[in-house]
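Undergrad: One structure follows; several queries about it will come next.
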Amino acid sequence: MKCLLAFGVLSPMSFTVCAANRPTTFALIDGNNFFVSCERVFNPYLNHKPVIVLSGNDGCAIARSNEAKALNIAMSAALHTFSHLVKQHDIQLLSCNFELYSDLSTRMMKVLQTFTANIDISSIDEAFLDLSSIPNIDQENFAQTIHKTIFKCIGIPVTIGIAPTKTLTKIANRIAKKTQTSVKSIQTPHEIESALKQTDISAVWGIGRALAPKLKEIGLYTAFDLAQKDPRWARKMIGIMGERLVRELQGTSCIAFNADEDDKKSIQVTRSFGVKLTEFNDIAEAISLHATRLGEQLRAKKLITPTISVFCRTSPFGNSPYFKGIGVTGFDTPTNDTQLLIKGAIKALSQAYQLGHSFQSAGVHAMGLLQEGQVIQKILFTPSNDLSSKEKNKRSRSLNEAIDIINKRTGKDTVFWASSGINPKHVPHQGKRSNRYTTRWDELKIVI
DNA sequence: TCTGGGGTCCTAGGACCC
DNA sequence: TCTGGGGTCCTAGGACCC
Numbered sequence: 006m007k008c009l010l011a012f013g014v015l016s017p018m019s020f021t022v023c024a025a026n027r028p029t030t031f032a033l034i035d036g037n038n039f040f041v042s043c044e045r046v047f048n049p050y051l052n053h054k055p056v057i058v059l060s061g062n063d064g065c066a067i068a069r070s071n072e073a074k075a076l077n078i079a080m081s082a083a084l085h086t087f088s089h090l091v092k093q094h095d096i097q098l099l100s101c102n103f104e105l106y107s108d109l110s111t112r113m114m115k116v117l118q119t120f121t122a123n124i125d126i127s128s129i130d131e132a133f134l135d136l137s138s139i140p141n142i143d144q145e146n147f148a149q150t151i152h153k154t155i156f157k158c159i160g161i162p163v164t165i166g167i168a169p170t171k172t173l174t175k176i177a178n179r180i181a182k183k184t185q186t187s188v189k190s191i192q193t194p195h196e197i198e199s200a201l202k203q204t205d206i207s208a209v210w211g212i213g214r215a216l217a218p219k220l221k222e223i224g225l226y227t228a229f230d231l232a233q234k235d236p237r238w239a240r241k242m243i244g245i246m247g248e249r250l251v252r253e254l255q256g257t258s259c260i261a262f263n264a265d266e267d268d269k270k271s272i273q274v275t276r277s278f279g280v281k282l283t284e285f286n287d288i289a290e291a292i293s294l295h296a297t298r299l300g301e302q303l304r305a306k307k308l309i310t311p312t313i314s315v316f317c318r319t320s321p322f323g324n325s326p327y328f329k330g331i332g333v334t335g336f337d338t339p340t341n342d343t344q345l346l347i348k349g350a351i352k353a354l355s356q357a358y359q360l361g362h363s364f365q366s367a368g369v370h371a372m373g374l375l376q377e378g379q380v381i382q383k384i385l386f387t388p389s390n391d392l393s394s395k396e397k398n399k400r401s402r403s404l405n406e407a408i409d410i411i412n413k414r415t416g417k418d419t420v421f422w423a424s425s426g427i428n429p430k431h432v433p434h435q436g437k438r439s440n441r442y443t444t445r446w447d448e449l450k451i452v453i
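This is the structure in structure tokens:
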């Protein structure tokens, strides 16, 4: 049971607080150095070595093994800032392989779903379970079983934090990772106090690089210091997020648990180019490909978009001044038809593009997404009911479906739109990518 | 030479209405 | 000379997360 506590007049000023008469317990299951662990599943040579997974254009570190972290290589560090360490410490560099990571993530979540339906998947490598909804279990044993089962079935090591609120499970999880234990439960007041005292304020979920220094300035150095504050004070100082955070640290669950919810509000597809681009046509090929990916994602989730926005930008790190151009195109009827998305995106790009810049990346963005069913109603009530446009819609839908099926069976871009280019210049560097072992027949692991 | 990509939520401020 | 006030909606931008 949930009750709504309103702390203001407007709806954004309120949030749900679980009723005090039902104590909550959540578990946070988090894949250890997830992308690195995915790589190690298929390449044991990487075990016990410093491993770094690089971003889209092999530009910076997006995942690090514990051995790489021990070398003080920071998250998001640019490769050129630590390239001198690579040879010295035999660091294994890998281009990112999201197809592999998301497939292993899906498998991991499916294993979790065999334990309970009350699961809230919050990112590619982590999910919350509502343990208080599962009767008669020993929670720590239950978590140990989950840990063993995921490792046995998927090969990914996970860490599990157990606590009365989501924010506290994050803290429990962090301590477990630090102490290299697989399960950490913090539930008694003593356990919670001790955990809060050893957590730096900057490590609290929801406190980032802007807020942490401000809080330290007024003498709040640990999670425990913040938990001593009155929620109303936090509301004044930090806003609604601050109040929620303090209550969560004090043991009152305030962050919604979204089991079975998949209500995506926006989708974006963004890539850095392999080389800097100046010509409109070269950037248009990239935008065309991004719009194609957007269409695939929208159709897979049975969503449609009323608009498409496009950006192209120069590098924020270069010597020349930073430039970012933005353009938007609206559709008469919300759509997920790739042909229309590409046309709209190219039109938007002509607003965003400016001659004379060296562009470094570009992307497309769809917002205000609707379910496909919602457009059928719109079409019914649109005055233009002529057969030719209906027939056109039907034919486009069949074409998109056919392309999706072929590309799913025989590999991405077996059939592609000519506007995306035959030999496009925008393709990012991905020289060190491992095979997509679980999603491509021709990239299966060969065991001799 | 070389610096990611995909999300969510909140807030401030402008436009607009009566 | 004096030039309202309250509400809603939308959007851009900030902050945060992984």
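With this note's numbering applied, the first sequence corresponds to residues 6 to 453, in that order. Glycine included, C-beta positions come from ideal geometry on N, C-alpha and C. Predicted model only: the values in this text are computed from it and were never measured.
Can you tell me the Cα-Cα spacing of Phe-285 and Leu-360, whole angstroms?
TA: The residue given as residue 285 occupies position 280 in the first sequence. The residue given as residue 360 occupies position 355 in the first sequence. Looking at the two C-alpha atoms, the distance is approximately 8 Å.
Undergrad: Output needed for Gly-426: all residues of its chain with C-beta closer than 6 Å, excluding positions within five of it in sequence on either side, in chain order.
TA: Walking along the first sequence from the start, residue 426 turns up at place 421. Listed in chain order, the non-local C-beta contacts of Gly-426 below 6 Å within the same chain comprise Glu-290, local neighbours out to five positions each way being set aside.
Undergrad: Helix or strand or just coil, what does DSSP make of Leu-374?
TA: Stepping through the first sequence from its first residue, residue 374 is reached at position 369. Here Leu-374 sits in coil by DSSP.
Undergrad: With DSSP collapsed to three states, give me the class of Thr-154.
TA: The sequence position of residue 154 within the first sequence is 149, counting from 1. Helix.
Undergrad: Out of Ile-124, Gln-149, Ser-128, Glu-131, which one is the CA nearest neighbour of Ser-137?
TA: Within the first sequence, numbered from 1, the residue matching residue 137 stands at position 132. The candidate whose alpha carbon is nearest that of Ser-137 is Ile-124.
Undergrad: Quick one: complete alpha helix (DSSP H) runs, 4+ long, within the region 20 to 96?
TA: 39 to 47, 71 to 74, 84 to 93
Undergrad: Which of the three DSSP states is assigned to Gly-330 in this structure?
TA: One-based indexing of the first sequence puts residue 330 at position 325. Secondary structure at Gly-330: strand, using DSSP grouped into helix, strand and coil.
Undergrad: Pick helix, strand or coil for Ala-228, following the three-state DSSP scheme.
TA: For the purposes of this step, residue 228 is taken as the residue at position 223 of the first sequence. Ala-228 falls in the helix class under three-state DSSP.
Undergrad: Could you have a look at Thr-172 and say whether DSSP puts it in helix, strand or coil?
TA: In the first sequence, counting from the first residue as 1, residue 172 sits at position 167. It is helical.
Undergrad: Can you tell me which of the three DSSP states Glu-406 falls into?
TA: The count along the first sequence starts at 1 and reaches residue 406 at position 401. It is helical.
Undergrad: Identify every run of the alpha helix (DSSP H) within the region 236 to 287, keeping only runs that are complete inside it and at least 4 residues long; order them along the chain.
TA: Unbroken alpha helix (DSSP H) runs of no fewer than 4 residues, entirely contained in the region 236 to 287, are found at 236 to 242, 245 to 254, following chain order.
Undergrad: Should Leu-134 and Thr-121 be called a contact, given that it needs their Cβ atoms to be closer than 8 Å?
TA: Mapped onto the first sequence, residue 134 falls at position 129. Mapped onto the first sequence, residue 121 falls at position 116. Yes; because the gap between Cβ atoms is below 8 Å, this pair is in contact.
Undergrad: To the nearest angstrom, report how far apart Trp-422 and Asn-428 are at their CA atoms.
TA: Here residue 422 refers to the residue found at position 417 of the first sequence. Here residue 428 refers to the residue found at position 423 of the first sequence. Taking the straight line joining both Cα atoms gives about 12 Å.
Undergrad: What is the DSSP secondary structure of Thr-119, reduced to helix, strand or coil?
TA: Along the first sequence, one-based indexing puts residue 119 at 114. Three-state DSSP puts Thr-119 in coil, outside helix and strand.
Undergrad: Would you report the Cα separation of Leu-173 and Leu-231, rounded to the nearest angstrom?
TA: On the first sequence, position 168 is the one that residue 173 refers to. On the first sequence, position 226 is the one that residue 231 refers to. Put simply, the backbone Cα of Leu-173 is about 13 Å away from that of Leu-231.
Undergrad: Quick check on DSSP: helix, strand or coil for Asp-108?
TA: Here residue 108 is taken as the residue at index 103 of the first sequence, counted from 1. If DSSP states are grouped into helix, strand and coil, Asp-108 belongs with the helices.
Undergrad: What do you reckon, are the CB atoms on Ser-325 and Ser-363 nearer than 8 Å?
TA: Numbered from 1 along the first sequence, position 320 holds the residue referred to as residue 325. Numbered from 1 along the first sequence, position 358 holds the residue referred to as residue 363. A contact, by the Cβ cut-off of 8 Å.
Undergrad: Could you compute how far the alpha carbon of Ala-239 sits from the alpha carbon of Glu-248?
TA: Taking the first sequence and counting its residues from 1, the one referred to as residue 239 is at position 234. Taking the first sequence and counting its residues from 1, the one referred to as residue 248 is at position 243. Rounded to the nearest angstrom, the two C-alpha atoms are 5 Å apart.
Undergrad: Looking only at its own chain, which residues have a Cβ that is under 6 Å from the Cβ of Ile-34, when we skip the five neighbours before and after it?
TA: Taking the first residue of the first sequence as 1, we reach residue 34 at position 29. Answer for Ile-34: Ala-132, Val-163, Ile-165, listed in chain order.
Undergrad: Whole angstroms are fine: how far does the CA of Asp-342 sit from the CA of Val-333?
TA: Counting from 1 along the first sequence, the entry for residue 333 is found at position 328. Counting from 1 along the first sequence, the entry for residue 342 is found at position 337. Those two C-alpha atoms are separated by around 17 Å.
Undergrad: Relative to the C-alpha of Glu-104, which residue among Ala-350, Ala-79, Leu-90, Gly-61 is closest?
TA: On the first sequence, residue 104 is found 99 positions in, with the first residue counted as 1. For the residues Ala-350, Ala-79, Leu-90, Gly-61, the minimum Cα distance to Glu-104 belongs to Gly-61.
Undergrad: To the nearest angstrom, how far is the alpha carbon of Thr-193 from that of Thr-186?
TA: In the first sequence, residue 193 corresponds to position 188, counting from 1. In the first sequence, residue 186 corresponds to position 181, counting from 1. Cα to Cα, Thr-193 sits roughly 19 Å from Thr-186.
Undergrad: Between the alpha carbons of Leu-299 and Ile-272, how many angstroms are there, rounded?
TA: Counting from one through the first sequence, the residue named residue 299 turns up at place 294. Counting from one through the first sequence, the residue named residue 272 turns up at place 267. If I take the Cα positions, the gap works out to 7 Å.
Undergrad: Pick out whichever of Ser-42, Lys-54, Thr-170, Ala-66 has its Cα sitting closest to the Cα of Ile-129.
TA: Here residue 129 refers to the residue found at position 124 of the first sequence. Checking every option, the nearest Cα to that of Ile-129 belongs to Ser-42.
Undergrad: Can you give the Cα-Cα distance for Glu-406 and Tyr-226, rounded to whole angstroms?
TA: Taking the first sequence and counting its residues from 1, one reaches residue 406 at position 401. Taking the first sequence and counting its residues from 1, one reaches residue 226 at position 221. Cα to Cα, the separation comes out at about 55 Å.
Undergrad: Near Ala-296, which residues of its chain fall below 6 Å by C-beta distance, leaving aside the five closest residues on each side in sequence?
TA: The sequence position of residue 296 within the first sequence is 291, counting from 1. So the qualifying residues of the chain are Leu-346, Ile-347, Ala-350, Val-369.
Undergrad: Starting from the C-beta of Lys-269, find all residues in its chain whose C-beta is less than 8 Å away, skip the five residues before and the five after it, and write them out in chain order.
TA: Translated into the one-based positions of the first sequence, residue 269 becomes position 264. Lys-306, Leu-308, Leu-374.
Undergrad: What first and last residue would you give for the alpha helix (DSSP H) that runs through Ile-347?
TA: Here residue 347 refers to the residue found at position 342 when the first sequence is read from its first residue. Element bounds for Ile-347: 343 to 357.
Undergrad: Going by CA-CA distance only, name the one from Pro-49, Arg-45, Asp-63 that's closest to Arg-276.
TA: Stepping through the first sequence from its first residue, residue 276 is reached at position 271. The shortest Cα separation from Arg-276 among Pro-49, Arg-45, Asp-63 belongs to Asp-63.
Undergrad: With burial defined as no fewer than 16 other Cβ atoms inside 10 Å of the residue's Cβ, what is the status of Glu-222: buried or exposed?
TA: If you number the first sequence from 1, residue 222 lands on position 217. So Glu-222 counts as exposed.
Undergrad: So for Gly-436, helix, strand or coil by DSSP?
TA: Residue mapping note: residue 436 aligns to position 431 of the first sequence, counting from 1. In the structure shown, Gly-436 sits in coil (DSSP, three-state: anything other than H, G, I, E or B).
Undergrad: Closest to His-434 by C-alpha separation, out of Lys-281, Asn-178, Ala-148, would be which residue?
TA: The residue labelled residue 434 in the question sits at position 429 within the first sequence. It is Lys-281.
Undergrad: Judging by CA-CA distance, which residue of Gly-330, Asp-409, Pro-339, Thr-170 is the nearest neighbour of Arg-27?
TA: Along the first sequence, read from residue 1 onward, the residue named residue 27 stands at position 22. The shortest C-alpha separation from Arg-27 is found at Thr-170.
Undergrad: How would you call Met-113, buried or exposed, if buried means at least 16 neighbouring beta carbons within 10 angstroms?
TA: Against the first sequence, residue 113 aligns to sequence position 108. Counting other Cβ atoms within 10 Å of its Cβ, Met-113 reaches 16 or more and is therefore classed as buried.
Undergrad: Alpha carbons only, please: which of Lys-54, Phe-328, Gly-36 is nearest the one belonging to Tyr-106?
TA: Locating residue 106 in the first sequence gives position 101, where the first residue counts as 1. Closest by alpha carbon: Gly-36.
Undergrad: Does His-431 pass the burial test, meaning 16 or more other C-beta atoms within 10 Å, or should it be called exposed?
TA: Within the first sequence, numbered from 1, the residue matching residue 431 stands at position 426. Label assigned to His-431: buried.
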